[in-house]
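One structure below.
Residue numbers (the working numbering): 10 to 529.
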């Protein structure tokens, strides 16, 4: 192997390649941490900002929702203007948005800050994977680099709660956003110096309308889920929201099929390796985000953990993911991606079942289950990323990276929306309120604890006990759904063998079973 690789006409030395990986990994870590950092901070900031249950939903979901809507366009825009430029612009936006969110004085301002964060993250995320692709030409090195990349995504999401919990021990809730700023500055300087440049291709227009169509569809979908799982769903609201979701997604697909330069070339999904990679990434994040949300809330609201204690417990997933992701990245060249995807999803299923069955057992059982979930998710996401990036044509590099990241964000978005909504629905339908308790106590564990403060000791204890039982009912249901989704995804990947070549991560950079002709 030579000591320098070529990116366009600029050689990239061995040392510089790994500095590039460090620069993009720092940005990816920030993006991933912000996906979950609010799980432990949510009770505190909700109290300070007096956020309603609906506002709490949008504070969490604004970030993945806007990211999913913009990611496809950001990848294509990166192909046009250059991935280094997109990454640097994204870092600047992310840092500015962190300041807005940190000093928010109302739920609406925080929601806006989270949406602004997502704009910066959407600019950065496809660029991270594309920069790895153009920097690491050797397949073995690229496999290791993608393994590190995938691990950073997994670890960032897993350690977000512990970061939030640790900061809340000493600072106000805005510190979970303010901590981003110095890391952004370091990544910005490093990327500006070492990342390979490139002007991109100027003949690919940016389709802003398509991004709007995606966001309309996703907002409608999330609202539909929340309304259907509410205590008294409105037929009119569900009809309007579902209509918006269908119209947004249908118009997006129709528009893309007629575009000369689409944000998504659906021919990509003719390659089963890319199809399964997208599915695996999305479903792994569906389970991870949903389990993290309900578990961190249970640890704090039912078991009485501090934010730091809850975050430390959930960090077991990161400990499971870190070594596995790196090892899997190094092994993919020999083993192939599909076996790793199947094994990873099955392992995550086992871990989820362990957490479900040992919910009332001593805490070490839960920690053991989380370690297994982390190991399986780390393996599945690393292999999924390699399957997508390693088998997309070179001229679809940015598009493939965006598709992978959209699956990541959609998985997180739907995991929080569906599992979080199911949690609330089961709670509301199974909680038995004692005499004197207000009806608002049935809306959630937070509201029940707040209502208990205004009751006499006996009724307060009865309400807290009833609310805890109802919360545990919802907790078990959400874990069962997560395990079923993971198992079904593993079965689909195992059975979907047609056209799959497991000899390596990818035939070569930019090559796979999808021919260039079918991609154009």
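Each residue gets a CB set at the ideal place from its N, CA and C atoms; glycine is no exception. In this text the structure is predicted, and so the values were computed from the model without any measurement.
Query	Result
The region 124-139 in contact with the region 76-85 per 3-pair CB rule at 8 Å	yes
Where residue 359 falls: helix, strand or coil (DSSP)	helix
Distance CB(residue 196)-CB(residue 24) smaller than 8 Å	no
Of the residues 200, 152 and 172, the one placed nearest residue 92, counting alpha carbons only	200
Simplified DSSP state of residue 268, which is helix, strand or coil	coil
Test item: CB-CB of residue 362 and residue 492 under 8 Å	yes
Contact set for residue 122: own chain, Cβ-Cβ below 7 Å, skip 5 residues either direction	106, 109, 110 and 113
Cα-Cα separation between residue 336 and residue 346, rounded to whole angstroms	13 Å
Beta-carbon gap between residue 305 and residue 182 smaller than 8 Å	no
Nearest-angstrom Cβ-Cβ length linking residue 162 and residue 28, presumed shorter than 8 Å	Their Cβ separation, rounded to whole angstroms, is 20 Å, which puts residue 162 and residue 28 out of contact at 8 Å.
Beta-carbon contacts of residue 471 that lie in its chain and below 7 Å, excluding the five residues immediately before and after	443
8 Å Cβ cutoff met for residue 4 and residue 225	Since the first residue shown for the chain is 10 and the last is 529, residue 4 is missing from the structure and cannot be characterised.
Buried versus exposed, by CB contacts within 10 Å (16 or more), residue 274	buried
Buried/exposed call for residue 244, threshold 16 Cβ in 10 Å	exposed
Residue 505 - containing alpha helix (DSSP H), residue span	Note, residue 505: premise wrong, no alpha helix (DSSP H); not H, not E.
Cβ-Cβ distance between residue 168 and residue 262 below 8 Å	no
The region 463-482 touching the region 426-436, judged by at least three CB pairs closer than 8 Å	yes
Member of 128, 277, 205 and 241 whose CA lies at the smallest distance from the CA of residue 74	128
Rounded straight-line distance, which links the Cα of residue 251 to that of residue 259	12 Å
C-beta contact flag for residue 96 and residue 33 at 8 Å	yes
Every unbroken alpha helix (DSSP H) inside the region 248-315 [4 residues or more]	281-310
Where the alpha helix (DSSP H) through residue 438 begins and ends	429-439
Residue 48 to residue 421 span [Cα, whole Å]	13 Å
Through-space distance from residue 495 to residue 427, alpha-carbon basis	15 Å
At least three beta-carbon pairs within less than 8 Å, the region 171-180 to the region 408-419	no
Where the alpha helix (DSSP H) through residue 220 begins and ends	217-237
Straight-line Cα distance separating residue 255 from residue 264	14 Å
Rounded distance between the beta-carbons of residue 70 and residue 425, thought under 8 Å	6 Å
Residue 181, enclosing alpha helix (DSSP H) - first and last residue	Premise fails: residue 181 is in no alpha helix (DSSP H) and is neither H nor E.
Local conformation of residue 91 per DSSP, three classes	coil
Extent of the continuous alpha helix (DSSP H) to which residue 129 belongs	116-144
Buried versus exposed, by CB contacts within 10 Å (16 or more), residue 441	exposed
Exposed unless 16 or more other CB atoms sit within 10 angstroms - verdict on residue 59	exposed
Cα-Cα separation, residue 44 to residue 124	12 Å
Separation of residue 388 from residue 308, as counted between CA atoms	27 Å
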